[in-house]
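Enquirer: Got a structure here, written out as structure tokens. Questions coming.
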Amino acid sequence: MNEQPRMPPKNAAEVLAAVGFGPRDVSILQAFASAVPAASFEAAFAARLDRLAPRAPSTIEAVFFGLLLERYQWGKAEWLEALAECWLDCLHAGSADTLAATAATSLLDGMRDALAGEHAPGRAEYDILSSGARLAQAIQAMLAGSAFEQLHHRLRAGDGLDPATGLPSRTRFMQLLERWLNRSEARQLGLLLLHAEWEPSGQHLLSAQRDRVRRLLSDAMRSVLRPQDILCSTADQEWALIMPDLRSVAQVQLAARRLVDICERSPEHNFPHLRGAIHVGAALAPEDGESAAAIERAARAALHRAVRADLPVVCFDPEMIAAMEHEFDLEREIVGSMGNPPFKVWLQPQVHLVTGRCAGAEALLRWRRDNGEWVPPPDIIDIASRLGLMPELTRWVMAQVVRIIADLDAAGIEISVSLNLVAQDLHEEDLPERVAHALAAWQVPPKRLVLEITEGALIGDRQRAAHIMERLRTLGCSISLDDFGTGFSSFAYMRDLPVSELKIDQLFICDMLSSPRDHAIVTAVQALASGLGMKVVAEGVEDQATADELKRIGCNLGQGFLWARAMPLEEFIPWVRERQRM
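Using this note's numbering, read the sequence shown as starting at 1095 and increasing by one per residue.
Structure representation (structure tokens):
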């Protein structure tokens, strides 16, 4: 009968059994550990290692060697598993594949040299070296054989390694961070979190293309790191860098700037979808946190600030935690209340500069939380955009604005109301249909609705935006170009897009009486718009002298604190009626 082939060992216990390492070997090696001083053995091991691998070990390799020399753990399956995991960390940090075998050989040779120095009896020396040989064999088998492959695949399958980059994934990252914090008591440890923001075109990359970009980016980052630094891939667009054994805080800032630089230096070759969108948050242990969770939270707060402020590198400050948690609270409230949003729509009047009567209004979003805090409208828009809730928010605001126009009609006030759209709205093909449906539901004439679009919303796919805007104009709505002059102003906008109104940003209005340049810009825009048959609305008018000068140069409408702040509908209606009696 043919003998069945023997299956290769699949775990540390099987490896030990396969080389014949048993309880007697454990007893013999523990006797060696008791008899031979640790210092003499470690010196002998280091000398042998230096002959075979004559270079200074990296920090992570030193940890591997330290674990290897834990003599009272020799022969335990848990120790061999831990040694294998640490060896994986060495490989991820760039250690040579042959170093594990070199270390195992040095271990046995170091035992022989230490025994010679202690003049051990011949029989005892033979037993110790025999057990040591079996231990070295087990180490090499574990770190190079099928058991190591099983561990490698288990870590990868269990979210230990990121499949695309081969780097430790988030789960493994937190384990590594905790381990290094426990080993870095004498020195500082740095943690960097890097976020690479895809440009709009990058959002449509196929999965394989995104993986390739992530691999290229990971390789580029590894090229500027220290040997002991550990790079991890913690999310699709995020990396973490553990920096052990810091001698100076400046090392963290230098590493962060190197990472940003390498990612941005040659985007046209390898990273065309990442240009100008790399942010890094940095934190230090133990100053900013003593546990893995605490230091990761600190680095994430710094990264959060870097992204929000569009800064390449931000180092942690304790107040960032409160700011980040406040924003997370807002996000939770918005997500949890979209069925019945806590927002209000208020109106700010637009006044005819000649007659002084109210000729229109801008609808503005307001949110007062239960604690009395007023949340700025840009923050609401920013959060809704990040959470993918803008279509739903726009739909809700549009319904409120159209209902308000109907209520104004019922009160005998026939004015137009402006509704602000964001860039994302102009990429929604069904936007014109949604506008038409809302107008029909409240029987509001389309000419009473003005849709305001900022210049920033036109950056990117301008042809598609123009198509949506033309359909809205055909529907009967007016299109207003908001904040004109603050972005990438172009005469092509005024020529090619169906715009009937320009709103000059308050940046130019507030100082036009004291700044000849601002005055010239406002005058030129007014003349150009007038020649194209467009109305002009001046924003941010705060005093009568400015209103008088705007009227003199032919501006149609003014909006600002000179007349009124934004107010709820129940206050707006009496305010308009009062102006009509003037």
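Virtual Cβ for every residue (Gly too), placed ideally from N, Cα, C.
So, using beta-carbon positions, are residue 1442 and residue 1631 closer together than 9 Å?
Expert: Locating residue 1442 in the sequence shown gives position 348, counting from the first residue. Locating residue 1631 in the sequence shown gives position 537, counting from the first residue. Contact flag unset, no.
Enquirer: From 1328, 1289, 1269, pick the residue whose C-alpha is nearest to that of residue 1256; which is it?
Expert: Mapped onto the sequence shown, residue 1256 falls at position 162. Of 1328, 1289, 1269, the residue nearest in Cα terms is 1328.
Enquirer: Following the continuous beta strand (DSSP E) through residue 1168, name the residue where it begins and the one where it ends.
Expert: For the purposes of this step, residue 1168 is identified with residue 74 of the sequence shown, where counting begins at 1. From DSSP, residue 1168 is part of no beta strand (DSSP E); its letter is neither H nor E.
Enquirer: Less than 7 Å between C-beta atoms, sequence neighbours within five positions excluded: which residues of the same chain meet that for residue 1620?
Expert: Counted from its first residue, the sequence shown places residue 1620 at position 526. 1630, 1647, 1648, 1649, listed in sequence order.
Enquirer: Using 8 Å as the threshold, is the region 1139 to 1148 in touch with the region 1260 to 1268, meaning 3 or more CB pairs across them?
Expert: Flag = no, the region 1139 to 1148 and the region 1260 to 1268 do not touch.
Enquirer: Where are the alpha helix (DSSP H) runs, 4 residues long or more, that stay fully inside the region 1461 to 1507, in chain order?
Expert: Counting only runs of 4 or more, we get 1471 to 1480, 1484 to 1504.
Enquirer: Measure from the alpha carbon of residue 1204 to the alpha carbon of each residue in 1222, 1492, 1514, 1192, then state which is nearest.
Expert: Within the sequence shown, numbered from 1, the residue matching residue 1204 stands at position 110. It is 1222 whose Cα lies nearest to the Cα of residue 1204.
Enquirer: Can you tell me whether residue 1494 is buried or exposed? The criterion is at least 16 other CB atoms within 10 Å of its CB, across all chains shown.
Expert: What you label residue 1494 is simply residue 400 of the sequence shown in a count that begins at 1. So residue 1494 ends up on the buried side.
Enquirer: Decide if residue 1514 is buried, meaning its Cβ has at least 16 other Cβ atoms within 10 Å, or exposed.
Expert: Numbered from its first residue, the sequence shown carries residue 1514 at position 420. It is buried - the Cβ of residue 1514 has at least 16 other Cβ atoms within 10 Å.
Enquirer: Could you give the residue range of the beta strand (DSSP E) that holds residue 1595?
Expert: Counted from its first residue, the sequence shown places residue 1595 at position 501. Note, residue 1595: beta strand (DSSP E), 1595 to 1598.
Enquirer: So is residue 1215 buried or exposed if we call it buried at 16+ other beta carbons inside 10 Å?
Expert: As a working mapping, residue 1215 is identified with position 121 in the sequence shown. With a pLDDT of only 49 at residue 1215, under the threshold of 50, the placement of this residue in the model should not be trusted; the figure read from the coordinates follows. Exposed.
Enquirer: For residue 1604, which option in 1419, 1634, 1627 has the closest C-alpha, if you only look at C-alpha atoms?
Expert: By 1-based counting over the sequence shown, the position of residue 1604 is 510. When each option's Cα is compared against that of residue 1604, the closest is 1634.
Enquirer: Give me the Cα-Cα distance between residue 1577 and residue 1346, rounded to the nearest whole angstrom.
Expert: Taking the sequence shown and counting its residues from 1, the one referred to as residue 1577 is at position 483. Taking the sequence shown and counting its residues from 1, the one referred to as residue 1346 is at position 252. Spanning the two alpha carbons is a distance of roughly 40 Å.
Enquirer: Take residue 1542 and list the residues in its own chain whose beta-carbon comes closer than 6 Å to its own, dropping the five residues that flank it on each side.
Expert: By one-based count along the sequence shown, residue 1542 stands at place 448. Excluding positions up to five away in sequence, the list reads 1499, 1510.
Enquirer: Using a threshold of 9 Å, state whether the C-beta atoms of residue 1560 and residue 1610 are closer than that.
Expert: The residue labelled residue 1560 in the question sits at position 466 within the sequence shown. The residue labelled residue 1610 in the question sits at position 516 within the sequence shown. Not closer than 9 Å, so no.
Enquirer: Could you tell me the distance, in whole angstroms, from the CA atom of residue 1392 to the CA atom of residue 1283?
Expert: If you number the sequence shown from 1, residue 1392 lands on position 298. If you number the sequence shown from 1, residue 1283 lands on position 189. Answer to the nearest angstrom: the Cα atoms are 13 Å apart.
Enquirer: Is the number of C-beta pairs between the region 1110 to 1124 and the region 1168 to 1182 that are closer than 8 Å three or more?
Expert: With a cut-off of 8 Å, the region 1168 to 1182 and the region 1110 to 1124 count as touching, because enough Cβ pairs lie within range.
Enquirer: Nearest-angstrom Cα distance between residue 1448 and residue 1588?
Expert: Working through the sequence shown from its first residue, we reach residue 1448 at position 354. Working through the sequence shown from its first residue, we reach residue 1588 at position 494. Rounded to the nearest angstrom, the two C-alpha atoms are 25 Å apart.
Enquirer: Please determine if the region 1428 to 1438 and the region 1403 to 1420 are in contact, where contact requires at least 3 C-beta pairs separated by less than 8 Å.
Expert: With a cut-off of 8 Å, the region 1403 to 1420 and the region 1428 to 1438 do not count as touching, because too few Cβ pairs lie within range.
Enquirer: Going by DSSP in three states, residue 1670 sits in which element: helix, strand or coil?
Expert: As a position in the sequence shown, residue 1670 is number 576, starting the count at 1. Helix, per DSSP.
Enquirer: Tell me the residue span of the beta strand (DSSP E) that contains residue 1328.
Expert: Along the sequence shown, read from residue 1 onward, the residue named residue 1328 stands at position 234. That run of the beta strand (DSSP E) goes 1324 to 1329.
Enquirer: Considering only their Cβ atoms, is the gap separating residue 1457 from residue 1512 smaller than 9 Å?
Expert: In the sequence shown, counting from the first residue as 1, residue 1512 sits at position 418. In the sequence shown, counting from the first residue as 1, residue 1457 sits at position 363. Yes, the Cβ-Cβ distance between residue 1512 and residue 1457 is below 9 Å.
Enquirer: Which residues in the same chain as residue 1415 place their Cβ atom closer than 6 Å to its Cβ, once the five residues preceding and following it in sequence are excluded?
Expert: Here residue 1415 is taken as the residue at index 321 of the sequence shown, counted from 1. Same-chain partners within the cutoff: 1395.
Enquirer: Here's the rule I'm using: 16 or more other beta-carbon atoms within 10 Å means buried, otherwise exposed. How should residue 1452 be labelled?
Expert: Along the sequence shown, one-based indexing puts residue 1452 at 358. Its Cβ being crowded by 16 or more others within 10 Å, residue 1452 is buried.
Enquirer: Please classify residue 1128: is it buried, with 16 or more other beta-carbons within 10 angstroms of its beta-carbon, or exposed?
Expert: For the purposes of this step, residue 1128 is taken as residue 34 along the sequence shown, with counting starting at 1. By the neighbour-count rule (16 or more Cβ atoms within 10 Å), residue 1128 is not buried but exposed.
Enquirer: Do you know offhand how far residue 1353's Cα is from residue 1315's?
Expert: Within the sequence shown, residue 1353 is the residue found at index 259, counting from 1. Within the sequence shown, residue 1315 is the residue found at index 221, counting from 1. Their Cα atoms are separated by approximately 6 Å.
Enquirer: Residue 1654 to residue 1673, Cα distance in whole Å?
Expert: Within the sequence shown, residue 1654 is the residue found at index 560, counting from 1. Within the sequence shown, residue 1673 is the residue found at index 579, counting from 1. In a straight line, the C-alpha of residue 1654 is about 15 Å away from that of residue 1673.
Enquirer: Ordered along the chain, which non-local residues of its own chain (more than five positions away) have a Cβ less than 7 Å from that of residue 1569?
Expert: Mapped onto the sequence shown, residue 1569 falls at position 475. Counting only Cβ-Cβ distances below 7 Å, and skipping sequence neighbours, we find 1526, 1529, 1530, 1540.
Enquirer: Please say whether residue 1286 and residue 1390 have beta carbons closer to each other than 9 Å?
Expert: Numbered from 1 along the sequence shown, position 296 holds the residue referred to as residue 1390. Numbered from 1 along the sequence shown, position 192 holds the residue referred to as residue 1286. Not a contact, by the Cβ cut-off of 9 Å.
Enquirer: Per DSSP, residue 1438 forms a beta bridge with which residues?
Expert: For this step, residue 1438 is matched to residue 344 along the sequence shown. DSSP, once it has assigned bridges, lists 1460 as partnering residue 1438.
Enquirer: When DSSP builds the beta bridges, which residues end up paired with residue 1661?
Expert: Indexing the sequence shown from 1 puts residue 1661 at position 567. Bridge partners of residue 1661: 1441.
Enquirer: How about residue 1182 and residue 1233: do their beta carbons lie closer than 9 Å?
Expert: Working through the sequence shown from its first residue, we reach residue 1182 at position 88. Working through the sequence shown from its first residue, we reach residue 1233 at position 139. Not in contact: residue 1182 and residue 1233 (Cβ atoms no closer than 9 Å).
Enquirer: Count the other CB atoms, across all protein chains shown, that sit within 10 Å of the CB of residue 1468; report buried if there are 16 or more and exposed otherwise.
Expert: By 1-based counting over the sequence shown, the position of residue 1468 is 374. Looking at its Cβ environment, which holds fewer than 16 other Cβ atoms inside 10 Å, residue 1468 is exposed.
Enquirer: Residues in the same chain with beta-carbon distance under 7 Å from residue 1662, minus the five sequence neighbours each way, listed in chain order, please.
Expert: Counting from one through the sequence shown, the residue named residue 1662 turns up at place 568. 1438, 1440.
Enquirer: Using DSSP with H/G/I as helix, E/B as strand and the rest coil, what is residue 1578?
Expert: By one-based count along the sequence shown, residue 1578 stands at place 484. Here residue 1578 sits in strand by DSSP.
Enquirer: Assign residue 1224 to one of two classes, buried (16 or more other C-beta atoms within 10 Å of its C-beta) or exposed (fewer than that).
Expert: The residue you call residue 1224 lines up with position 130 of the sequence shown. Label assigned to residue 1224: exposed.
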